[in-house]
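A.B. asks: Mind the numbering: the sequence shown is residues 260 to 424 in the numbering used here, read in order. Yeah, the Cβ is synthetic: ideal placement off N, Cα and C, and Gly gets one too.
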Amino acid sequence: MPIPGIQQPDILDIGPGLRLRAYDGVFHFAIPWYQDPQLQRLVDGVQKPYPPERVKAMYEYLNACGELYFIEVLEEDTFTPVGDVTFSREDLSMVLGPAPLRGKHIGRRVLTALIDRARTLGYDSLTVRDIFDFNTASRSCYQSVGFRPTKQTKLGHSYRLDLSL
């Protein structure tokens, strides 16, 4: 569900070979991501795979919280979903599914595009509710675009980016 009063684009072009596509209720391709124990540890702090019905419930919840997009990369003339990102003032959470794509600055490019969108919408800040301290890749990605830890959570910290500067 789009943010009240704001039109969610169907496609956000991020640059060559990378885009965000608005969630449309189809998610079968994402189920393997959420059954990967290593990814589950990064997402939830435990290695417990999501069954398909939990993936569906998660996407319905995230879609109700803000703009939900699939991260897509261009592979052989076709855009392929490789992750998801939820965009709202209160939480900018992101997951890259296939492990080989992590560490290739896809996340940084996605965050930069969504920070630009937040500025265009007049937001004064963005927040990430929780990044686990052991998730050094996510911490590094968010910090590389200006997010800073704010308060401690059970296993990590929330992060905030001040856009008013």
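What residues in its chain sit with their C-beta under 8 angstroms from that of Asp-350, if we drop five residues either side in the sequence?
C.D. replies: Closer than 8 angstroms at Cβ, skipping near neighbours: Cys-324, Gly-325, Thr-386, Val-387, Arg-388.
A.B. asks: For a quick check, are the C-beta atoms of Arg-367 and Val-404 less than 8 angstroms apart?
C.D. replies: In this structure, Val-404 lies closer than 8 angstroms to Arg-367 by Cβ.
A.B. asks: Apart from the five residues just before and just after Arg-300, which ones in its own chain have a Cβ nearer than 7 angstroms to its Cβ?
C.D. replies: Cβ within range, chain order: Gln-306.
A.B. asks: Quick check on this structure: which residue in Phe-338, Phe-286, Tyr-309 has the alpha carbon closest to the alpha carbon of Arg-278?
C.D. replies: Checked all of Phe-338, Phe-286, Tyr-309; the closest Cα to Arg-278 is Phe-338.
A.B. asks: Use the C-beta contact count for Ser-384: other C-beta atoms within 10 angstroms, 16 or more gives buried, fewer gives exposed.
C.D. replies: Exposed, because fewer than 16 other Cβ atoms sit within 10 Å of the Cβ of Ser-384.
A.B. asks: Among Pro-291, Asp-392, Tyr-382, which residue has its Cα nearest to the Cα of Pro-411?
C.D. replies: Looking at the sequence itself, residue 411 is Gln, so the reference to Pro does not match. The shortest C-alpha separation from Gln-411 is found at Asp-392.
A.B. asks: What did DSSP end up calling Pro-296 once you bin it into helix, strand or coil?
C.D. replies: Looking at Pro-296 - three-state DSSP - the assignment turns out to be helix.
A.B. asks: Spatial neighbours of Gly-342 within its chain, please: C-beta separation below 6 angstroms, excluding the five flanking residues on both sides.
C.D. replies: Excluding positions up to five away in sequence, the list reads Ile-330, Val-354, Leu-355, Gly-356.
A.B. asks: So what does Pro-408 bridge to, in DSSP terms?
C.D. replies: Its beta-bridge partners are Tyr-418.
A.B. asks: Which same chain residues end up closer than 6 angstroms to Tyr-382 when comparing Cβ atoms and leaving out the 5 residues on each side of it in sequence?
C.D. replies: So the qualifying residues of the chain are Arg-348, Leu-422.
A.B. asks: If you compare alpha carbons, which of Gly-274, Gly-264, Tyr-318, Val-302 is closest to Val-285?
C.D. replies: If we check each option's Cα against that of Val-285, Tyr-318 comes out closest.
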